[in-house]
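Notes follow the structure.
Number of protein chains: 2
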Amino acid sequence: MSAVTSPQPLDLSHHYSYASKNRNPSSVKSFYKYFAIPNIANFAGGLPHPSYFPYDTLEATVARPQRLQPSNKDDTKADRVVIPKEVQTPDLTRKIDLTTALQYGTAEGYPPIFSFLRQFVRDHLHPNVPYEGGPEIIMSCGNTDGFSKAVELFTNIWNPDRDWIQQREGVLCEEFTYMTAIQTIQPRGLNTVTVAVDGQGMLAYGKGGLKDVLENWDFRRGRRPHLMYTVTIGQNPTGGNLSIERRKEIYALCQKYDVIMVEDDPYWNLQFPSAYEKESRYRGASTEPTPYNRSYNAEGKSSGYAFLDSLLPSYLSIDTEGRVVRLDTFSKTIAPGSRLGWITAQPAVIERITRITEVTTQQPSGFVQSIIAQTIIGEQLKEKGALALMKQEVSSWRMDGWVRWLEGLRGGYERRMNDMCSVLEENKYLFSESPEKSSTVDHVNDWEVVDRVQMYDFVWPKGGMFAWVEIRLETHPLRTKYSERKLSKAFWIHLTKKPHLCLVAPGQIFAAGPKSAEKEHRYIRVAFAPMDPEDVSPFTRRLVEGFRSFWKRENLDGLDDDDETLAMQSMQLNSGINFVGPGC
Amino acid sequence: MSAVTSPQPLDLSHHYSYASKNRNPSSVKSFYKYFAIPNIANFAGGLPHPSYFPYDTLEATVARPQRLQPSNKDDTKADRVVIPKEVQTPDLTRKIDLTTALQYGTAEGYPPIFSFLRQFVRDHLHPNVPYEGGPEIIMSCGNTDGFSKAVELFTNIWNPDRDWIQQREGVLCEEFTYMTAIQTIQPRGLNTVTVAVDGQGMLAYGKGGLKDVLENWDFRRGRRPHLMYTVTIGQNPTGGNLSIERRKEIYALCQKYDVIMVEDDPYWNLQFPSAYEKESRYRGASTEPTPYNRSYNAEGKSSGYAFLDSLLPSYLSIDTEGRVVRLDTFSKTIAPGSRLGWITAQPAVIERITRITEVTTQQPSGFVQSIIAQTIIGEQLKEKGALALMKQEVSSWRMDGWVRWLEGLRGGYERRMNDMCSVLEENKYLFSESPEKSSTVDHVNDWEVVDRVQMYDFVWPKGGMFAWVEIRLETHPLRTKYSERKLSKAFWIHLTKKPHLCLVAPGQIFAAGPKSAEKEHRYIRVAFAPMDPEDVSPFTRRLVEGFRSFWKRENLDGLDDDDETLAMQSMQLNSGINFVGPGC
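The listed protein sequences correspond, in order, to chains Y and C.
Number 417 in my numbering belongs to position 417 of the first sequence; there are no gaps in the numbering.
So the mapping is simple: my numbering equals the position in the second sequence, first residue as 1, plus 584.
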């Protein structure tokens, strides 16, 4: 795409909140020249003296990018990264030392990691952003922080005691989604407006789809929603990946109705091509065409890496107007406790988020910024016992290593997904022992007719860390005696009992609105990510055994204890609360 | 103080903002028991697998607490801290490892550092908080983050286009203060309400004092302010320490007018008893009674440390009603880039801030939380070259070492303060070469009458990192030809020129309101903290030489370049902006 024909990003300032419009612009650059006067005695900056930082070096033993094998056993080799007290270089993007990393810095981010990520984003992650000049980035303290800043920027608080209903703003989201995002919106008095989903993610058309919601907006609820929160890869909890075709449909609707799109994609590199294949093999057809081996950047610039080219691209790749704000994080690629990520959007939006950052988080911790900078772009020492500190054998991740690490991670999670889903796929049915207990008669393969009931269904997760399992409560023998909600609660408790001993996340904790609440009890989310690889199959077998034994129950005795109900309700209230993680 | 007679903290919920009232309470504890079921297969939590965190160990070479000598040369000995991949212990407050530190955690903070600080705060820092049960804490990402959460909790945004003026809230602060705090308030449409200060800090009584401001509040501006932002030790920029007597007066006014007090004390341990002594020695009398060698906790519980007992106590020590929210940070005691601190307040306030934290920063970075936890409370290895890694000689900071480190820091900054202020003290006057150029005739000491003009004045900073210098513009020979503002700008530029080469922070960047703006040009803030110790005296001599040569100027040629004016204006706009530090 040539620069000459690129469109300018839209002016989005009519979407900004009162406080965010009101922040003063910064033009400090003209002052920097005074800092640069040779031998100037600086009485102006109120900084602590760096000799009083108690750390002389910061070090880590760090995996090689090749540790995680896409198909074989992981290796355990490690290198050392060392961050010294001070490095003498005028190039701030190469100056990784404690004197700068632990001092006050710039809100955009620590220059070495900021400049690396800016290049990664513009040249490799999103090489085909259509608008003039391309996107900018700013570091965040992870995606929850990033989303809270986007919400601060784009929404005004609505207080029913002092504001008119016409002033009430709203946020669009998938009907089942990451509840911490919803908990960011709701205290501000905003409408949470759910859009129906299928196995891919948000629906553009059809009943409850985006068009339906926007076109038939009931203005008695407030303003038509102008902000969207969406998880498009390995959607949490449904595990769907949004196809490029669907993205184009949804983007066009957002253009038509002037909606800002916040794309939260912590699982972006965890896309599982084998899920399409396996699903097809088991079921004759996948829910979607298999994109395996497809190069998404075939028509535009390549990312430079076959792995990245094979991944479904971000909304940014079709964002002609600059209405996409993308959230990326190191939580799933390095570690959640990093609390480090970045926000990508058109420059004017990043400028506003910079103003917000300056008076809130200021900058992510220099400890994590410098350690990750040194891990990815610094020089590293091969670990050979304690003497490594003195032997300066240089290696490094660099861009190649970073992409290799992402690919390795994908492999590890993809194997767990396959192990879990194979067991789930092969055990959906309960084959009844006597004809009178069965409720459905159907064909299995082609070679036999037996009595069976389907206990659950699921779509193979095409990305992420979870499978989303629909409980077929209508096939349970006790369905005439108890409500589906009662059965669902009893089932959750049943699973926690011996010999099943399974803890699953109930659908309630992802239900973003009243429409989702109507069917929330029909779902559970099962995570394969946190399990040791050798546990996935046996644990999943325990889970399906829990299904079977529940379907064989003739009563719900011992499954309705108040404590347990309270526990489930507290899970519902508290996904992401107190224990701040994805959905738990 | 016995528990029986302690008052209950007040219910402050009438101060909460709309969004903060609206956050759902958390009661997740009842769910924890499911996690504790032996051998439970956890499909519920959506956490990454810890083997995919690329760090096997995290290490640092760390100063011993005795490194900084209150009076002698610092030593350079260092120990190693090592954070291993995994530690097996059921005690979460002792489990410092990467498997927990880099995983999702709790919003309150990483258990080892949280529990250490909670004990430090309750038993040592503030052993005499009067209300029942004492205060609670939560970790923050530094005091700017902490203040932004307090502002989110206690204020509602006011938008002139949709709200009544009666709804406009306001925040009280010192007339000159840390501008990032003001920049947190102003975009929300709040009134910034300045209170006059003297050498100690905020005035309770007299013109422009707190009583005057609150009693004579003009309701046409909005609600009477119900929130105060105050820096009470080493106030930024004035360097004052607020006495216990003044605190009692101000607290009583805040009780009367129902004001919440946010005490931001990053410089708390940097209190300089010698400043009172030196000031008295030079001037015959200090501006305040010398508190040197006083034990502030003599009437209550001791902190257990003579050093801590000798420090002016927090507002918390007189907070019978629970209306004080205190912000502490590791920025000045470990390093600014840590972005780690904590908030102390009555439990109900901490509970609300926990709800805010869960949907914004979630938790500070596990890298910094674990490194600081291991530094202070973990086992450490003495550094003896690279072999140290294998020799498990255990040492540690612990509570004693932590307090010793704080005392050492105080010593280092106190020496710099003394070096700077001695030079300032001894060079305030310009002794005129011929009688016709002098504007004032006065007595020096007692032994001689000479012609002299006082170029500047200052109060010795009793704490912190800065001296606040008043420029006596009225004594300048050119005062009849140019306005004071013009002279002040020219002086700032003059200082940056050879041979002076001094960069000082102009008063404008700390002027919080229109009353402060009237006199802002009469002040500069000079920081001694960032300088190497051997530079402080010679740099300060260059500064006073700059004063002298400016007072000898017969014109302002070359000092009114637009660029320079722009630079000063951008400093004014941008203290704390872009380059996020204290006032620069």
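A virtual CB, placed ideally from N, CA and C, is assigned to each residue, including glycine.
Residue span of the alpha helix (DSSP H) that contains residue i, given as start and end
i, result
"Y/E249", "I244 to K256"
"C/L811", "Here C/L811 belongs to no alpha helix (DSSP H); instead the beta strand (DSSP E) covers L811 to T814."
"Y/V544", "P533 to W551"
"C/I769", "M763 to I769"
"Y/F116", "P111 to Q119"
"Y/D212", "L210 to E215"
"Y/Y205", "Segment: none, Y/Y205 is in no alpha helix (DSSP H) and carries neither H nor E."
Opposing strand residues paired with residue i [DSSP bridges]
i, result
"C/A647", "C/A662"
"C/R910", "C/E847 and C/T928"
"Y/I138", "Y/I343"
"Y/N191", "Y/G170"
"Y/G146", "Y/G146 pairs with nothing; no bridge assigned."
"C/Q687", "None; C/Q687 has no bridge partner."
"C/I667", "C/L642"
"C/Y1040", "C/I1055"
"Y/V197", "Y/M202"
Beta-carbon proximity of residue i to residue j, cut-off 9 Å
i, j, result
"C/P649", "C/W981", "yes"
"C/G1091", "C/W926", "no"
"Y/S310", "Y/P266", "no"
"C/G630", "Y/N418", "no"
"Y/E43", "C/R1000", "The question names Glu, but residue 43 of chain Y is Phe in the sequence shown. For Y/F43 and C/R1000, no; Cβs fall outside 9 Å."
"Y/L327", "Y/S140", "yes"
"C/V943", "Y/T57", "no"
"C/I749", "C/G806", "yes"
With 16 other Cβ atoms within 10 Å as the buried cut-off, status of residue i
i, result
"Y/G284", "exposed"
"Y/E175", "buried"
"C/Y715", "buried"
"Y/T76", "exposed"
"Y/W551", "buried"
"Y/Y205", "exposed"
"C/H1060", "buried"
"Y/N445", "Annotation note: pLDDT 47 at Y/N445 (below 50); position unreliable, coordinate value reported separately. Classification of Y/N445: exposed, given that the 10 Å Cβ count is below 16."
"C/F914", "buried"
"C/Q672", "exposed"
"Y/A101", "buried"
"Y/S13", "exposed"
"Y/E136", "buried"
"Y/D557", "exposed"
"C/P744", "exposed"
"Y/F53", "buried"
Neighbourhood of residue i by C-beta distance below 7 Å, restricted to the same chain and skipping five residues each side
i, result
"C/Y997", "L854, M1049 and A1113"
"Y/P50", "T99 and Q103"
"C/I918", "I956"
"Y/D258", "H226"
"C/E1054", "Y1040, D1041, F1042, R1106 and Y1107"
"Y/R485", "H521"
"C/R1125", "V1007"
"Y/R404", "P65 and Q66"
"C/L1057", "R1063, E1068, L1071, S1072 and R1106"
Residue interval of the beta strand (DSSP E) (run including residue i)
i, result
"Y/L430", "Y429 to F431"
"C/V1110", "Y1107 to A1111"
"Y/V605", "Past the edges of chain Y, shown from 1 to 584, lies residue 605 of chain Y, and the structure says nothing about it."
"Y/Y18", "First-last for Y/Y18: Y18 to K21, but that is the alpha helix (DSSP H), not the beta strand (DSSP E)."
Spatial neighbours of residue i in its chain, beta-carbon cut-off 6 Å, leaving aside the 5 residues before and after
i, result
"C/W852", "I817"
"Y/V544", "N427"
"Y/R548", "L430"
Heavy atom of the ligand NAP within 8 Å of residue i beta-carbon
i, result
"C/D675", "For the structure depicted, the ligand NAP is absent and the ligand set is empty, with no information on it obtainable."
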